[in-house]
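Under the working numbering, the first residue of the sequence shown is numbered 13, with each subsequent residue one higher. Notes follow once the structure below has been shown.
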Amino acid sequence: MPLNNEQKKHFKSIGHHLKPVLMVAENGLSEGVVAELERALNDHELIKIQFRITEREDRQALIEELAKVGRCELVQVIGKMALVYRKNPKPNKNLSNIHRYQA
């Protein structure tokens with residue numbers, strides 16, 4: 013289900029304070045990256061990912077592929093950073109960035 017503008021605005025405000033939990037380099041979406049993406053989304057729901065790829069088109073294609081593979085919603089992309097969200101039906105309230113930063 014796509015996020016509405018109000019949700020995106022809220023997630024962007026939370027994401028501003030987050031540090032990247034995943035870095036993707038020239039190797040792209042290796043098994044390790046996909047496994048870590050899965051773990052991070054299950055634990056935190058909203059995560060920031062840093063891409064260490066210089067070419068803008070390559071980076072954008074990789075961000076879109078990552079969103080498909082991770083079955084997550086792309087909230088925002090700024091430069092080499094992407095903010096993605098995937099709802100966890102049973103979130104851990106101590107780990108979930110959504111619950112920790114609830115107003």
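Where a beta carbon is used, it is the ideal one built from N, C-alpha and C, also for glycine. Computed from a predicted model, the values in this text were never measured in an experiment.
Three-way DSSP call (helix, strand, coil) for residue i in this model
i    : result
K60  : strand
Q114 : coil
A37  : coil
I75  : helix
Residue of the options minimising C-alpha distance to residue i
i   : options            : result
E76 : Q19, L41, Y113     : L41
L34 : H28, G44, S25, I26 : G44
I65 : F23, M93, E85      : M93
Counted within 10 angstroms of its Cβ, other Cβ atoms place residue i as buried (16 or more) or exposed
i    : result
A37  : exposed
I90  : exposed
V135 : Residue 135 falls outside the range modelled here, since the chain spans only 13 to 115, and no answer is possible.
N109 : buried
Separation of residue j from residue i, as counted between CA atoms
i   : j   : result
Q72 : C84 : 15 Å
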